[in-house]
Amino acid sequence: MTEPSRTVVSTQRRRLLGAAAATLFAGIGSTRASEEHALRIGFQKGGGLLGLLKAQGELERTLGKQGWSVSWFEFPAGPQLLEALNAGSIDFGYTGAPPPIFAQAAGKDLVYVGAEPGAPTGESIVVKAGSPLSKVTDLKGKRVAVQKGSSAHFLLLAALDHAGVGFAEIQPIYLPPADARAAFESDRVDAWSIWDPYLAAVQAALKARVLADYTDLPQTNSFYESSREFAARSPGVLNTLLSELAKTGVWASANPKEVSTLLAPQIGVPVEVVEIWQRRARYGVKPLDAGIVATQQQVADAFFAQKLIPNQVHVANAVWSWTPADPPRS
């Protein structure tokens with residue numbers, strides 16, 4: 194048998210290597226395209242509208258038609274969620290007012306993309322039913338559990354200020370919700386500043402008594418946030434996501450019992466506890482306007498005045514403009 198010439202062998206090798214390289218780069222290109230069309234959403238326990246949207250699966254159906262996949266990641270509170278956003282582990286999330294302020298103060302490059310109205314009784318400073326504490330001024334010198342940089346942190350700050358008590362006059366014990374619940378139950382703290390659904394759960398289980406909520410205090414908003422990079426790269430996806438949230442909010446406001454039934458198994462909380470939360474929840478996602486920005490700036494200024502953040506924060510520098518194409522009707 195005649196051996197193939199070196200020229201033929203060389204040509205065959207080039208063809209084989211070329212085919213292998215084409216397959217490899219096609220795979221890499223496919224992976225990159227997949228990553229570029231993957232929306233990663235961070236949500237907190239309960240999740241509010243995000244939790245409801247996750248349970249319904251409507252977002253996956255809508256974005257799936259555009260070639261996008263959706264994945265969900267749960268966090269114990271807003272500060273941890275925004276750490277993941279800053280690290281590039283997620284693209285979008287939902288928190289109370291303070292977490293993005295702390296993130297901005299730390300130099301993290303996020304943008305506010307939508308706002309939800311606050312619920313005046315959706316978070317509270319609570320004590321046990323038999324506690325001798327009966328008013329906010331009684332917190333002087335006491336140990337108060339709170340997630341640092343959370344919406345409940347600002348509630349504590351605002352309630353103390355309203356009562357004429359300096360933040361330095363209490364002992365803040367910075368704990369995430371699960372650890373704070375354990376400390377509250379075991380009397381290692383005297384009070385707990387916390388939000389729903391943790392609030393509803395501790396009220397149901399321990400008959401926790403409310404010392405203060407946002408009644409008679411400046412009401413803040415909650416926010417949807419994105420990395421600035423994702424907002425610049427995929428504005429259409431953000432518009433779709435926010436529009437779906439707005440539609441879901443209209444439905445949720447009109448159907449609290451159905452919402453409770455959907456969310457209860459997702460968060461492992463009895464339906465009747467979720468119903469307590471839903472009766473006081475408020476939905477209505479909308480773009481940030483001048484009034485919302487001004488209110489958020491007041492929150493930032495309050496934390497800076499107490500030296501709880503290292504730098505002055507300018508909220509307006511981190512606002513992304515969302516213009517709803519078809520505002521939902523109730």
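Following my numbering, the numbering of the sequence shown begins with 194 at its first residue and continues without gaps.
Beta carbons are placed, not taken as given, at the ideal position from N, Cα and C, and that holds for glycine.
Among residues of its own chain, excluding the 5 on either side of Thr441, which ones have a beta-carbon nearer than 6 Å to its beta-carbon? For the purposes of this step, residue 441 is taken as residue 248 along the sequence shown, with counting starting at 1. Correct list, in chain order: Leu242, Leu245 and Leu246.
Assuming Lys450 and Glu468 are in contact, meaning their beta carbons sit under 8 Å apart, how far apart are those beta carbons, in whole angstroms? Residue 450 sits at position 257 when you count from the first residue of the sequence shown. Residue 468 sits at position 275 when you count from the first residue of the sequence shown. So it is a contact: roughly 7 Å between Cβ atoms.
Might you give, ordered along the chain, the residues of its own chain that have their beta carbon closer than 6 Å to the beta carbon of His346, omitting 5 neighbours on each side? Counting from one through the sequence shown, the residue named residue 346 turns up at place 153. Around His346: Pro291 and Val339.
Counting along the chain, where does the beta strand (DSSP E) carrying Ile234 start and finish? By one-based count along the sequence shown, residue 234 stands at place 41. Segment Ala231 to Gln237, the beta strand (DSSP E) holding Ile234.
In the structure shown, what three-state DSSP assignment does Met194 receive? Numbered from 1 along the sequence shown, position 1 holds the residue referred to as residue 194. Per-residue confidence for Met194 stands at a pLDDT of 44, beneath the threshold of 50, marking its modelled position as unreliable; the derived number appears in the next sentence. Three-state DSSP puts Met194 in coil, outside helix and strand.
Is the Cβ-Cβ distance between Gly315 and Arg473 less than 7 Å? For the purposes of this step, residue 315 is identified with residue 122 of the sequence shown, where counting begins at 1. For the purposes of this step, residue 473 is identified with residue 280 of the sequence shown, where counting begins at 1. Going by C-beta atoms, Gly315 is nearer than 7 Å to Arg473.
Starting from Gly289 and walking both ways along the beta strand (DSSP E), at which residues does that stretch end? Position 96 of the sequence shown holds residue 289. No beta strand (DSSP E) contains Gly289, which DSSP labels as neither H nor E.
Let me check understanding here. Comparing Cα to Cα, which of Ser446, Thr330, Pro369 and Gly429 lies closest to Ala405? Indexing the sequence shown from 1 puts residue 405 at position 212. Of the listed residues, the one whose Cα sits closest to Ala405 is Thr330.
Note down, in chain order, each residue of its chain lying with its Cβ closer than 6 Å to the Cβ of Ala397, except the 5 sequence neighbours on either side. Sequence index remark: in the sequence shown, residue 397 carries index 204 (1-based). Cβ neighbours of Ala397 beyond the five flanking positions: Val466.
Three-state secondary structure (DSSP) at Asp320? Walking along the sequence shown from the start, residue 320 turns up at place 127. Checking the displayed sequence, the identity of residue 320 turns out to be Val instead of Asp. Three-state result, Val320: strand.
If Arg374 sits next to Val395, beta carbons under 8 Å apart, how far is it from one beta carbon to the other, in whole angstroms? Here residue 374 refers to the residue found at position 181 when the sequence shown is read from its first residue. Here residue 395 refers to the residue found at position 202 when the sequence shown is read from its first residue. Arg374 to Val395, Cβ: 7 Å. Contact.
Which residue comes first and which comes last in the alpha helix (DSSP H) that contains Arg472? Taking the first residue of the sequence shown as 1, we reach residue 472 at position 279. Its alpha helix (DSSP H) spans residues Val464 to Arg473.
Here's the rule: buried if 16 or more other CB atoms are within 10 angstroms of the residue's CB, otherwise exposed. What is Arg254? Within the sequence shown, numbered from 1, the residue matching residue 254 stands at position 61. Exposed.
Distance, Asp389 Cα to Asn448 Cα: To locate residue 448, count along the sequence shown from 1; it is residue 255. To locate residue 389, count along the sequence shown from 1; it is residue 196. Going from the Cα of Asn448 to the Cα of Asp389 covers about 18 Å.
Starting from Asn414, follow its DSSP beta bridges and name the residues at the other end. Taking the first residue of the sequence shown as position 1, residue 414 is located at position 221. Pro310.
In the DSSP assignment, what residue or residues form a beta bridge with Trp151? What the structure shows of the chain is the stretch from 194 to 523, and residue 151 is not part of that stretch, so it cannot be assessed.
Please report the straight-line C-alpha distance between Ser262 and Leu256, rounded to a whole angstrom. Along the sequence shown, one-based indexing puts residue 262 at 69. Along the sequence shown, one-based indexing puts residue 256 at 63. Between Ser262 and Leu256, the C-alpha separation is close to 7 Å.
Pick helix, strand or coil for Gly303, following the three-state DSSP scheme. Translated into the one-based positions of the sequence shown, residue 303 becomes position 110. A small correction: the amino acid at residue 303 is Leu; Gly does not occupy that position in the sequence shown. Looking at Leu303 - three-state DSSP - the assignment turns out to be strand.
Tell me, please, whether the segment 356 to 364 touches the segment 291 to 310 by the rule of three or more beta-carbon pairs shorter than 8 Å. no
C-alpha gap between Ala498 and Gln249, whole angstroms: For the purposes of this step, residue 498 is identified with residue 305 of the sequence shown, where counting begins at 1. For the purposes of this step, residue 249 is identified with residue 56 of the sequence shown, where counting begins at 1. Distance between the alpha carbons of Ala498 and Gln249: 42 Å.
From what residue to what residue does the beta strand (DSSP E) around Ile366 run? To locate residue 366, count along the sequence shown from 1; it is residue 173. That run of the beta strand (DSSP E) goes Gln364 to Tyr367.
State the start and end residues of the unbroken alpha helix (DSSP H) segment that holds Leu456. Translated into positions along the sequence shown, residue 456 becomes position 263. Its alpha helix (DSSP H) spans residues Pro449 to Ile460.
Using DSSP with H/G/I as helix, E/B as strand and the rest coil, what is Trp444? For the purposes of this step, residue 444 is taken as residue 251 along the sequence shown, with counting starting at 1. DSSP places Trp444 in helix when its eight states are reduced to three.
According to DSSP, what are the bridge partners of Glu267? Position 74 of the sequence shown, counted from the start, is the residue given in the question as residue 267. For Glu267, which the question treats as bridged, DSSP gives the partners Phe236.
Looking at the structure shown, is Leu326 part of a helix, part of a strand, or coil, going by DSSP? Taking the sequence shown and counting its residues from 1, one reaches residue 326 at position 133. Correct three-state label for Leu326: coil.
Report the rounded CA-to-CA distance for Pro428 versus Asn414, giving the unit in angstroms. Position 235 of the sequence shown holds residue 428. Position 221 of the sequence shown holds residue 414. C-alpha separation (whole angstroms): 23 Å.
At the level of alpha carbons, what is the spacing between Gly286 and Ser379? Indexing the sequence shown from 1 puts residue 286 at position 93. Indexing the sequence shown from 1 puts residue 379 at position 186. C-alpha separation (whole angstroms): 32 Å.
Looking at Ala401: is its Cβ nearer than 7 Å to the Cβ of Val319? Walking along the sequence shown from the start, residue 401 turns up at place 208. Walking along the sequence shown from the start, residue 319 turns up at place 126. Closer than 7 Å, so yes.
Just confirm the distance between the C-beta atoms of Ile460 and Lys238, as a whole number of angstroms; I'd bet it's less than 8 Å. Against the sequence shown, residue 460 aligns to sequence position 267. Against the sequence shown, residue 238 aligns to sequence position 45. The Cβ separation is near 6 Å, so the contact holds.
Is Leu404 helix, strand or coil by DSSP? Residue numbering aside, residue 404 sits at position 211 when the sequence shown is read from its first letter. Reduced to three states, the DSSP call for Leu404 is strand.
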